[in-house]
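K.L.:
Residue numbers (our numbering), protein chains in the order written: chain A, 1 to 189; chain B, 190 to 378.
(1) Is the CB-CB distance between residue 164/A and residue 181/A below 8 Å?
(2) Any Cβ of chain B within less than 8 Å of the Cβ of residue 114/A?
(3) Within 8 Å (strictly less), CB to CB, does residue 65/A reach chain B?
(4) Please tell me whether residue 127/A has its Cβ less than 8 Å away from any Cβ of chain B.
(5) Any residues in the region 349 to 369 of chain B with a beta carbon nearer than 9 Å to a beta carbon of chain A? Which ones, in chain order?
(6) Less than 8 Å separating the beta-carbons of residue 138/A and residue 8/A?
(7) Against chain A, with Cβ distances strictly below 8 Å, would residue 232/B count as a contact?
(8) Could you pull out every residue in the same chain whose Cβ sits closer than 6 Å to the Cβ of residue 73/A, ignoring the five residues on either side in sequence?
(9) Which ranges would you report for the alpha helix (DSSP H) in the region 290 to 348 of chain B if only whole runs of at least 4 residues count?
(10) Hey, how far is the Cα of residue 336/B from the Cα of residue 176/A?
(11) To which residues does DSSP link residue 49/A through a beta bridge?
(12) Taking Cβ positions only, does residue 6/A come closer than 8 Å to chain B?
(13) If you count every other CB in all the chains shown that lies within 10 Å of the CB of residue 301/B, and 16 or more means buried, which is it?
(14) With 8 Å as the C-beta to C-beta threshold (strictly closer), list the residues of the region 212 to 229 of chain B near chain A in chain order.
(15) If you reduce the DSSP assignment to three classes, tell me which class residue 362/B lands in.
(16) List the DSSP bridge partners of residue 206/B.
(17) Are the beta-carbon atoms belonging to residue 363/B and residue 35/A less than 8 Å from one another?
(18) Considering only C-alpha positions, which residue in the set 205/B, 194/B, 248/B, 250/B is nearest to residue 233/B?
(19) Please report whether the beta-carbon of residue 73/A lies at a distance below 8 Å from any beta-carbon of chain B.
(20) Between residue 197/A and chain B, is any beta-carbon pair separated by less than 8 Å?
(21) Using the C-alpha atoms, what's the distance from residue 246/B back to residue 238/B?
(22) Here's the rule I'm using: 16 or more other beta-carbon atoms within 10 Å means buried, otherwise exposed. How should residue 83/A be labelled?
(23) Could you round the C-beta distance between residue 221/B and residue 213/B to whole angstroms and report it? I think they count as a contact, below 8 Å.
(24) So, for residue 321/B: in the same chain, excluding its five sequence neighbours on each side, which residues have a beta-carbon less than 8 Å away from its beta-carbon?
(25) Determine the chain A residues that contact residue 271/B at a beta-carbon separation under 7 Å, and present them in chain order.
(26) Tell me whether residue 210/B is buried or exposed, calling it buried when 16 or more other Cβ atoms sit within 10 Å of its Cβ.
(27) Taking only three categories from DSSP, how would you classify residue 375/B?
(28) With C-beta atoms as the reference, is residue 93/A less than 8 Å away from residue 156/A?
(29) If we ignore side chains and look at the alpha-carbon of each, how far apart do residue 114/A and residue 124/A end up?
(30) Let me know the secondary structure DSSP gives residue 367/B once reduced to three states.
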């Protein structure tokens with residue numbers, strides 16, 4: 001099923017929490033760039049944004065992307081090329097929304113994710129799927145690294161998806177696993 | 190929903206294919222150890238086996254596991270401890286089936302995965318879910334690294350799950366993403 005709403009994916013590296021609830025900036029990892037690009041290509045996502053305020057980290061993302069999209073890695077038109085062409089580093093959530101508005105003519109509705117149960121703004125996977133398949137407002141699906149998106153971001157988030165559970169109480173998946181599962185729940189065939 | 194069948198997860202590093210269809214042995218990666226352990230803990234899997242014929246690579250897995258389960262990383266009883274306690278390196282598929290038989294008293298039925306559509310032994314996600322929820326034969330869910338499980342392994346595989354698609358033709362997810370999505374399809378709540 002093709003979504004009618006343009007869908008964007010973003011991985012936030014600041015402001016996020018550490019295990020003690022303090023605000024930190026996590027490092028961009030090479031594997032998050034690649035795995036996220038491949039998830040974005042699989043699920044027909046418009047762009048996969050890596051959000052970090054650190055200029056050198058954004059330069060790293062640009063370098064990895066360029067290698068596969070314009071540089072030596074691009075010679076053979078590979079799956080990696082398709083995936084990496086969707087990757088883009090940005091400085092903060094504001095710049096991310098500006099970029100989406102620039103492309104779509106509308107600011108996105110932001111759907112947050114969290115491993116913690118949240119009291120408000122909850123949206124079920126089924127309802128989020130309906131938003132994607134029946135509406136046209138751009139959506140930004142936001143994931144936090146570390147121990148999750150900092151509370152200061154909450155006012156910007158329109159809706160929250162529930163945490164992922166299997167048949168256990170354990171809910172400490174990697175952000176790569178969470179992105180994969182949530183996209184499959186929303187758009188898997 | 191708790192499965193009635195004991196479920197095991199394995200990641201094969203040999204024999205697997207490279208992009209030209211040649212048989213290779215891939216390297217175990219630190220992230221595959223961690224992400225797989227966290228997936229296993231989330232979905233109530235009995236053991237997560239990393240299969241490689243290379244002794245040094247199995248020693249590496251033991252070392253990473255020990256750090257979190259018995260060593261310095263184990264001091265605070267963390268989620269990482271729970272996840273890493275499920276990780277075990279083994280030399281080949283035979284040893285993996287032996288190990289499961291040792292624990293369960295029965296050899297497992299092997300469910301293979303592939304990014305390529307397969308002509309035979311196909312099982313739908315719904316039918317595989319029913320096997321898990323209604324039967325008691327142990328099941329081993331097998332994933333290949335590189336460009337997938339080598340054909341020489343096929344005779345050992347009882348059933349194959351279909352490849353994962355989103356709303357595009359692109360199906361080059363990382364093996365970490367594929368493991369996450371397939372376990373969620375089989376056992377997600």
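By construction, the Cβ of each residue, glycine as well, lies at the ideal position given by its N, Cα and C atoms.
Predicted model, so just to flag it, every value in this text is computed and none were measured.
P.N.:
Reading off the structure:
(1) The residue given as residue 164/A occupies position 164 in the first chain. The residue given as residue 181/A occupies position 181 in the first chain. The beta carbons of residue 164/A and residue 181/A sit closer together than 8 Å.
(2) The residue given as residue 114/A occupies position 114 in the first chain. With a threshold of 8 Å between beta carbons, residue 114/A makes no contact with chain B.
(3) Position 65 of the first chain, counting from 1, holds the residue named residue 65/A. It does not: the Cβ of residue 65/A has no partner Cβ on chain B nearer than 8 Å.
(4) Position 127 of the first chain holds residue 127/A. Chain B has no Cβ within less than 8 Å of the Cβ of residue 127/A.
(5) Taking 9 Å as the Cβ-Cβ cut-off against chain A, the residues of the region 349 to 369 of chain B that qualify are 353, 354, 355, 356, 357, 359, 360, 361, 362, 363, 365, 366, 367, 368, 369.
(6) If you number the first chain from 1, residue 138/A lands on position 138. If you number the first chain from 1, residue 8/A lands on position 8. Closer than 8 Å, so yes.
(7) If you number the second chain from 1, residue 232/B lands on position 43. Yes, its Cβ sits closer than 8 Å to a Cβ of chain A.
(8) Here the question's residue 73/A lines up with position 73 in the first chain. Hits under 6 Å: 67.
(9) The region 290 to 348 of chain B is shown to contain whole alpha helix (DSSP H) runs of 4 or more residues at 314 to 323, in chain order.
(10) Within the second chain, numbered from 1, the residue matching residue 336/B stands at position 147. Within the first chain, numbered from 1, the residue matching residue 176/A stands at position 176. Taking the straight line joining both Cα atoms gives about 20 Å.
(11) In the first chain, counting from the first residue as 1, residue 49/A sits at position 49. Residue 49/A pairs with 10/A, 88/A.
(12) One-based indexing of the first chain puts residue 6/A at position 6. So no, residue 6/A is outside the interface.
(13) Position 112 of the second chain, counting from 1, holds the residue named residue 301/B. Classification of residue 301/B: buried, given that the 10 Å Cβ count is 16 or more.
(14) Correct list: 220, 223, 224, 227, 228.
(15) Numbered from 1 along the second chain, position 173 holds the residue referred to as residue 362/B. Residue state, collapsed to three classes: coil.
(16) Here the question's residue 206/B lines up with position 17 in the second chain. Note: residue 206/B sits in a beta bridge opposite 212/B.
(17) For the purposes of this step, residue 363/B is taken as residue 174 along the second chain, with counting starting at 1. For the purposes of this step, residue 35/A is taken as residue 35 along the first chain, with counting starting at 1. Yes, Cβ-Cβ distance for residue 363/B and residue 35/A is below 8 Å.
(18) Walking along the second chain from the start, residue 233/B turns up at place 44. With distances taken between Cα atoms, residue 233/B lies closest to 194/B.
(19) Translated into the one-based positions of the first chain, residue 73/A becomes position 73. It does not; no Cβ of chain B falls within 8 Å.
(20) Residue 197/A lies beyond the residue range present for chain A, which begins at 1 and ends at 189; the question has no answer from this structure.
(21) Numbered from 1 along the second chain, position 49 holds the residue referred to as residue 238/B. Numbered from 1 along the second chain, position 57 holds the residue referred to as residue 246/B. Cα to Cα, the separation comes out at about 13 Å.
(22) What you label residue 83/A is simply residue 83 of the first chain in a count that begins at 1. Buried, since its Cβ has 16 or more Cβ neighbours within 10 Å.
(23) Residue 221/B sits at position 32 when you count from the first residue of the second chain. Residue 213/B sits at position 24 when you count from the first residue of the second chain. With a Cβ gap of about 16 Å, residue 221/B and residue 213/B do not count as contacting.
(24) As a first step, residue 321/B must be located in the second chain, where it is residue number 132. The answer, listed in chain order, is 192, 193, 194, 196, 328, 375, 376.
(25) Along the second chain, read from residue 1 onward, the residue named residue 271/B stands at position 82. Here the neighbours are 170.
(26) As a working note, residue 210/B is residue 21 in the second chain. It is exposed - the Cβ of residue 210/B has fewer than 16 other Cβ atoms within 10 Å.
(27) Residue mapping note: residue 375/B aligns to position 186 of the second chain, counting from 1. The answer is helix: DSSP assigns residue 375/B an H, G or I state.
(28) Numbered from 1 along the first chain, position 93 holds the residue referred to as residue 93/A. Numbered from 1 along the first chain, position 156 holds the residue referred to as residue 156/A. In this structure, residue 93/A lies near residue 156/A, with their beta-carbon atoms less than 8 Å apart.
(29) Position 114 of the first chain, counting from 1, holds the residue named residue 114/A. Position 124 of the first chain, counting from 1, holds the residue named residue 124/A. Looking at the two C-alpha atoms, the distance is approximately 13 Å.
(30) On the second chain, position 178 is the one that residue 367/B refers to. Of the three classes helix, strand and coil, the one that applies to residue 367/B here is helix, per DSSP.
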